[in-house]
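Peer 1: Once you've had a glance at the structure underneath, I'll fire off some questions.
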Amino acid sequence: MSDIIHILPDSVANQIAAGEVIQRPASVVKELLENAVDAKATSIDLIIKDSGKTLIKVNDNGIGMSDTDARLCFERHATSKIASADDIFSLKTKGFRGEALASIAAIAHVELKTRNESAAIGTHIILQGSQCQEQSPCQCEKGTSFAVKNLFYNVPARRNFLKSDAVEYNHIREEFVRLALVHPEIAFSLHHNDKNEYKLPKSALKQRIINVFGNTYNERLLPLNQESELVNISGFIGKPEAARKTRGEQYLFVNQRYIKHPYFNHAIGNAMEELIPANHFPTYFVYLEVDPAQIDINIHPTKTEVKFKEEKFIYSILRASVKQSLGNFNLGSQQIDFDNVSPIDFSYIASGGTPKEPKIFVDPNYNPFSSSKPTSAPIMPSSPFKNKKQNNEAWTKIYESIKENIPEEAIAHAQQSQLPLEEENKENDNNNLPMFQTLNTYIIVHVKSGFIIINQEAASERILYDKFMRQMESKQAADVQKLLFPETLNFSPQDADIIANIQHDFILLGFDIEIFGKNTFILNGIPVGMKETNVQHLMEQLLESYKNNLISIRLSRKSNVAYSMAKTLSVKKGQALLAEEMNEIVKQLFMSESPEISPCGEKICKILNEKEIANLF
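Numbering-wise (the working numbering), the sequence shown opens with residue 1 and increments by one.
In structure tokens:
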């Protein structure tokens, strides 16, 4: 039998490698930006057209390349990052395999201009399908300029499987943001279809976060800083009120590399679970510094999955650090003055190591019989159990004074409301139906056949959803309540794009909103009946609900806007209602075409007839 094994041509091998390295335009952006960072650039410009399908261009002012390096960098496994296998375990650069540029050149038209500082002129190279079409000297600035055109031109199947322009651009923007957050010392800019999306100057880390996500984050971030033998932790965590219903602003980095690590994400979430609502996710920007020998970053082609040698120890340190940061601002379950407490000892015993004897600190000036505290002793907050008897007496007096001021009619009404309704309205008119509220969550309606138990939140969502859908289908703007002082709303570029897309729907619902500069809107009016308090927070809730619905529920754009509005403005669980409010909810619900099912498919009411009630006993 003849030989059947043969060596693939370089062009074919590069196309196969590109299937692993380049999944979409964002993959090209990631590789080129990381190369620019490794080239010690202080300014990086990213230019995108048609979400990367037509053009991806990266300009940097880094060290540049010589003539030989400029041509050699497109060969497979050509890299300047490592020289031997041992270097893999001490990597401090982004890329190292030497496959990225070769893979990009195999599936696109690539144009390179580069010049190092010592050269008088630069080098200009044009490649198409791994084939060098032209190499000539040129005049250019110090640094490197990569232009990737017509991505996947020779792999039409891969191009056809790309998502919409909006989806692909979101992936590109995410790669850009990840790198910008970990390198605030570098100036970044992003242009998409001749529109300036980001212009980020050199700044401190907190300012970089604010520049990326908006000015609202200035008041929402808590510093995180902890040093130990195993890991150094820095960055910021969001206050509990910054928690989102979607996994949005959650960024974890190790050695200046973005990673996805569910275990460490759980550590942060566990430290804050008592402070944030259910089904919400904390916001954080956490940076880990670990010895490169203690991690393995080469377990996944995208380098976003990292294996840690001492995973459990880092988990404990990270969780404790988050709790400490919350405690410093009196946001934890145990409010501790950490400024006056010695730092936590995070020392650990490595495998086969010898435990260290703990250090004991003794205050020589401490005297338990002294009436006055030594000046050198730490000042601790007074105990809440001190003078317990006096506190109880004070509370008793307050309670008695309140009790005296309560009218007897109100007490009688409250006691009566807890009893089951004995009389039934013979007319069964919605306006006169006997009803009461229980657990501040359910409305119990007494009818001829028994009882109707109504979930007040789901019922309110149904009523408001139907109202907003009718308003948008009529294509006539609702009445607007003008604000005395117009509100300036700042959003992240992602949220600003969403608002721009649904701005017309907001206008139909009664919002007087208009674009006011980059990522900024002016709100001149709100729908009639809406409260004016904290409009910025209200709009953020609307956006979070809208984005969450895109993931969990498949709705049209108008239906999503209507449901997001209804969910944000609806009566919530735990909200006490007056008799008039309960009557109005029941009346409007019975007028709905779908009174039993909420817009998201949840059951609104349950009917208990006399037979079902009798079977309970």
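Every residue gets a Cβ at the ideal spot worked out from N, C-alpha and C, and that includes glycine.
Give me the DSSP bridge partner(s) of Y251.
Peer 2: Per DSSP, F285.
Peer 1: State the DSSP-derived secondary structure class of I5, mapped to helix, strand or coil.
Peer 2: coil
Peer 1: Count the other CB atoms within 10 Å of the CB of Y563; is the residue buried (16 or more) or exposed (fewer)?
Peer 2: buried
Peer 1: Per DSSP, Q649 is paired with what?
Peer 2: The question about residue 649 has no answer, for the chain in this structure spans 1 to 617.
Peer 1: Following the continuous alpha helix (DSSP H) through R158, name the residue where it begins and the one where it ends.
Peer 2: According to the DSSP assignment, R158 belongs to the alpha helix (DSSP H) that extends over P156 to N160.
Peer 1: Could you give the distance in angstroms between the alpha-carbon of N340 and the alpha-carbon of F329?
Peer 2: The predicted model places N340 with a pLDDT of 48, which falls under 50 and marks its position as unreliable; any figure quoted below should be read in that light. Each residue's alpha carbon lies about 13 angstroms from the other.
Peer 1: Give the secondary structure of N330 by DSSP, where H, G and I count as helix, E and B as strand, and everything else as coil.
Peer 2: Reduced to three states, the DSSP call for N330 is coil.
Peer 1: If I follow the unbroken alpha helix (DSSP H) through M582, where does it start and stop?
Peer 2: A579 to F590
Peer 1: Report the residue from N270, N455, K142 and T304 whose alpha carbon sits nearest the alpha carbon of N116.
Peer 2: K142
Peer 1: Taking H504 as part of the alpha helix (DSSP H), name the residues at either end of that continuous run.
Peer 2: Membership of H504 in the alpha helix (DSSP H) is indicated by the continuous run Q503 to L508.
Peer 1: Can you give me the Cβ contacts of H171 inside the same chain, cut-off strictly under 7 angstroms, excluding the 5 residues immediately before and after it?
Peer 2: Excluding residues within five positions, the ones whose Cβ falls inside 7 angstroms are R24 and A26.
Peer 1: Could you tell me whether the stretch 183-194 touches the stretch 39-57, using the rule of 3 or more Cβ pairs below 8 angstroms?
Peer 2: yes
Peer 1: Does the count of Cβ pairs from the stretch 567-585 and the stretch 459-470 closer than 8 angstroms reach three?
Peer 2: yes
Peer 1: Kindly identify the DSSP beta-bridge partner or partners of V231.
Peer 2: V290
Peer 1: Pull up the CB-CB distance for V322 and V290, whole angstroms please, since I reckon it's below 8 angstroms.
Peer 2: Contact flag wrong, Cβ pair sits at about 17 angstroms.
Peer 1: With N534 and N490 assumed to form a contact (beta carbons below 8 angstroms), what rounded beta-carbon distance in angstroms separates them?
Peer 2: Between N490 and N534 the Cβ distance is about 14 angstroms, and since that is not below 8 angstroms, they are no contact.
Peer 1: Per DSSP, which one or two residues make a beta bridge with C605?
Peer 2: I454
Peer 1: Cutting at 8 angstroms between CB atoms, please list the residues of its own chain near L326, excluding the five before and the five after it.
Peer 2: L222, I237, A271, M272, L275 and G332
Peer 1: With a CB to CB cut of under 6 angstroms and the five nearest residues on each side skipped, what residues in its chain are close to E111?
Peer 2: I126 and A147
Peer 1: Out of E185, L181, E227 and P240, which has the shortest C-alpha to C-alpha gap to I259?
Peer 2: L181
Peer 1: Cα separation between V58 and E544?
Peer 2: 32 angstroms
Peer 1: In whole angstroms, give me the CA-to-CA distance for K603 and N455.
Peer 2: 8 angstroms
Peer 1: Relative to the alpha-carbon of I268, which residue among D466, V561, K163 and Q250 has its alpha-carbon at the smallest distance?
Peer 2: Q250
Peer 1: Three or more beta-carbon pairs under 8 angstroms between the stretch 68-77 and the stretch 211-222, yes or no?
Peer 2: Three or more Cβ pairs closer than 8 angstroms define a contact, and the stretch 68-77 falls short of that threshold against the stretch 211-222.
Peer 1: Measure the C-alpha to C-alpha separation of D38 and K202 and round it to an integer number of angstroms.
Peer 2: Approximately 17 angstroms between the Cα atoms of the pair.
Peer 1: According to DSSP, A147 sits in a beta bridge with which residue or residues?
Peer 2: K57 and E111
Peer 1: Expressed to the nearest angstrom, what Euclidean distance is found between the alpha-carbon atoms of Y198 and F188?
Peer 2: 8 angstroms
Peer 1: Does DSSP put Y153 in a helix, a strand or coil?
Peer 2: coil
Peer 1: Please classify G704: is it buried, with 16 or more other beta-carbons within 10 angstroms of its beta-carbon, or exposed?
Peer 2: A question about residue 704 goes unanswered here, because the residues of the chain that appear run from 1 up to 617.
Peer 1: Does the beta-carbon distance from I107 to V155 come in below 9 angstroms?
Peer 2: For I107 and V155, yes; Cβs fall inside 9 angstroms.
Peer 1: Whose CA, out of D67, F281 and A102, lies closest to the CA of S136?
Peer 2: D67
Peer 1: Going by DSSP in three states, A576 sits in which element: helix, strand or coil?
Peer 2: coil
Peer 1: If you draw a straight line from the C-alpha of N440 to the C-alpha of F485, how long is it?
Peer 2: 35 angstroms
Peer 1: So the alpha helix (DSSP H) P262 belongs to, where does it begin and stop?
Peer 2: Taken as a continuous stretch (DSSP letters only), the alpha helix (DSSP H) holding P262 covers P262 to M272.
Peer 1: Determine the contact status of I513 and I499, defining contact as a CB-CB distance below 9 angstroms.
Peer 2: yes
Peer 1: For the alpha helix (DSSP H) containing A106, list its first residue and its last residue.
Peer 2: Start and end: A100 to A106.
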